[in-house]
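With the numbering used here, the residue at position 160 of the sequence shown is 146, and numbering never jumps. Single-structure report; data block below.
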Amino acid sequence: MSQAASPTEINPLRQALPRTRVPQPCALVLFGATGDLAHRKLVPALFQLARGGNLPSDYAIVGFARRDWTDAELRAEYEKTLAKDTGGSEFSAVWAQFANRLAFVPGTFDDPAAYQRLKQTLESLDRTHGTSGNRVYYLAVAPEFFATIIDHLGQAGLIDPWQQESPWSRVVIEKPFGRDLHSARALNREVSRVLDESQVYRIDHYLGKETVQNILALRFGNTIFEPVWDRRYIHSVQVTVAEEVGMAGGRGAYYDTAGALRDMVQNHMMQLLCLVAMEPPVDLSADAVRNEKVKVLQALPQWRPDDVVQNVVRAQYTAGSIQGAEVPGYLQEKGVSPQSRTDTFVAIRLELHTWRWAGVPFFLRTGKRLPKRATEIAVQFRRPPTQLFEPEMDGQSGVNQLVLRIQPNEGASLAFEAKIPGSRRRLQEVRMDFRYGTAFAVPPPEAYERLLLDVMLGDQSLFTRTDEVESAWRFITSILDAWQRPEAPPPVTYVAGSWGPEAADALITADGARWRRL
-13 MSQAASPTEI
-3 NPLRQALPRT
7 RVPQPCALVL
17 FGATGDLAHR
27 KLVPALFQLA
37 RGGNLPSDYA
47 IVGFARRDWT
57 DAELRAEYEK
67 TLAKDTGGSE
77 FSAVWAQFAN
87 RLAFVPGTFD
97 DPAAYQRLKQ
107 TLESLDRTHG
117 TSGNRVYYLA
127 VAPEFFATII
137 DHLGQAGLID
147 PWQQESPWSR
157 VVIEKPFGRD
167 LHSARALNRE
177 VSRVLDESQV
187 YRIDHYLGKE
197 TVQNILALRF
207 GNTIFEPVWD
217 RRYIHSVQVT
227 VAEEVGMAGG
237 RGAYYDTAGA
247 LRDMVQNHMM
257 QLLCLVAMEP
267 PVDLSADAVR
277 NEKVKVLQAL
287 PQWRPDDVVQ
297 NVVRAQYTAG
307 SIQGAEVPGY
317 LQEKGVSPQS
327 RTDTFVAIRL
337 ELHTWRWAGV
347 PFFLRTGKRL
357 PKRATEIAVQ
367 FRRPPTQLFE
377 PEMDGQSGVN
387 QLVLRIQPNE
397 GASLAFEAKI
407 PGSRRRLQEV
417 RMDFRYGTAF
427 AVPPPEAYER
437 LLLDVMLGDQ
447 SLFTRTDEVE
457 SAWRFITSIL
467 DAWQRPEAPP
477 PVTYVAGSWG
487 PEAADALITA
497 DGARWRRL
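Structural data, given as structure tokens:
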């Protein structure tokens, strides 16, 4: 059965991926199909891929979850989800084709009989929908179920050998990939018992963002940047991931077991650090790019507890206001222990032990209940060796700074000095600005669209490898271990709606820099 319907625009404000690569026929199984991730991200992304003609000519989507649903009930739930953002006759035409590809298998993740029912369903779809035995298993479930599901897939004969070209089997694992180095290694051992590394797709949705991928394009596709991308010309680098939200939706109980370091730094921020600091790969193949990223992670410092005290600030928010609304402090949030020492804000100063970056400080900060939601990378260049012009109005001599905005208002800006008109030789900072939506007329596609398409194509470039995961955890675990020591200082505090604690400001000003106010 082939997919009909042309890639009709349903929402003119949404950009579909250009139809340049179409994967082989396959069935995609969503474990946790009734959960939040499936409804908010995965199903809308698959629908957009179908709308744009980027799914295989023959495909099927199978939901697997505990609810005792029928195929019709799954379709009804997904239709409600998708109709919130789209509508009209165009939606109905594409939905009719999409809905025909949906099926549901009820079962628990530890029930062998459920996997046999799944196997029978998939074999039936091979005959009726032409999916050719190719499988993508997406684990949109809690981390404690990863090993269980993979083990049962193997026992049920649902994983084909990796050596053969067809049919193929691929498994997508959502973060977090462990809680520390020990658990990450244990999970990787469990996964490797059933799967080869070439079959494993550890997904970090940040890597699917067009603006994140543009970091490599900016660095290695433009002659003006790469020659000055080192310690001789760059003074410091800041990576900021700021969030307005607190523990909405009852997230406090989960977050109190994780914290900002695990939730943001170990994955998203380490990935951004790698893309900024990596050496040029020999090409853009998956292993060539990932090899260079691993080298960055291996160059991270090996800290003792005293080093952590000197270079890391952890904090918790207290009551304050966001956008004029009063919000409680972290310790007053539902599900949070009143004695919690969990970090809701982390600032880190680190240096990479490489020839290119020796002596250049990298500053990372992330936090909940900050004034706005924003992710950006700011590269501050060194000042000229002599000052020929008058300083700016505030008495400061300006610096050149390249800012890469990941979200929102995706784009980049370059700040440099220009002479103010008149007889005096006074300078003022001016900016050249690039906005993704303005330059390309439409917003970029959602990250999950690109990542799901890459899984079906067998392209692992934007997915993390075993050694990459473990190298990142090795650094993060040294911080976690230092925080667990009895003599470790408790988290400092910051008021909700502020940009973090004073200790974070002191961390960066010691190097003659200051945090950007986003």
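We put the beta carbon where it would ideally sit given N, CA and C, even for glycine.
How is the alpha helix (DSSP H) around Leu493 delimited, first residue to last?
488 to 495
Please name the residue or residues paired with Met418 in a DSSP beta bridge.
Leu400
Could you tell me the distance, in whole angstroms, from the CA atom of Phe402 to the CA atom of Gln387?
7 Å
Could you compute how far the alpha carbon of Ala24 sits from the alpha carbon of Lys358?
26 Å
Give the DSSP bridge partners of Pro391, in chain order.
Sequence inspection shows Arg at residue 391; the Pro mentioned does not correspond to that position. For Arg391, which the question treats as bridged, DSSP gives the partners Glu362, Gly397.
Please report the distance separating the alpha-carbon of Arg217 from that of Pro267.
19 Å
What are the residues that DSSP puts in a beta bridge with Cys12?
Tyr45
Would you list, in sequence order, the uninterrupted alpha helix (DSSP H) runs of no fewer than 4 residues that lie entirely inside the segment 168 to 208?
196 to 206
Roughly how many angstroms lie between the CA atoms of Gly143 and Ala46, to the nearest whole one?
19 Å
Enumerate in chain order the residues of its own chain whose CB-to-CB distance from Met264 is below 6 Å, with the five nearest sequence positions on each side excluded.
Glu278, Lys279, Val282
Candidates Thr67, Leu448, Leu16: closest to Cys260 by CA position:
Leu448
Identify every residue that forms a DSSP beta bridge with Gln224.
Phe349, Ala364
Where Lys405 falls: helix, strand or coil (DSSP)
strand
Closer than 7 Å to a non-hydrogen atom of the ligand MG - does that hold for the CB of Ser447?
Annotation note on the ligand MG: not contained in the displayed structure, which lists no ligands.
Span separating the alpha-carbon of Phe461 from that of Ala62
46 Å
State yes or no: is the C-beta of Pro347 within less than 8 Å of the C-beta of Asp137?
no
Please report the Cβ distance between Tyr124 and Val29, rounded to the nearest whole angstrom; I am assuming they are in contact, meaning their Cβ atoms lie under 8 Å.
The pair is not a contact, with the Cβ atoms about 11 Å apart (cut-off 8 Å).
Looking at the structure shown, is Val298 part of a helix, part of a strand, or coil, going by DSSP?
strand
Under DSSP, the alpha helix (DSSP H) around Leu437 begins and ends at which residues?
433 to 443
What residue from Ala499, Ala468, Gln296, Leu438 has the CA that sits closest to Val157's CA?
Leu438
Please classify Val416 as buried or exposed, where buried requires at least 16 other C-beta atoms within 10 Å of its C-beta.
exposed
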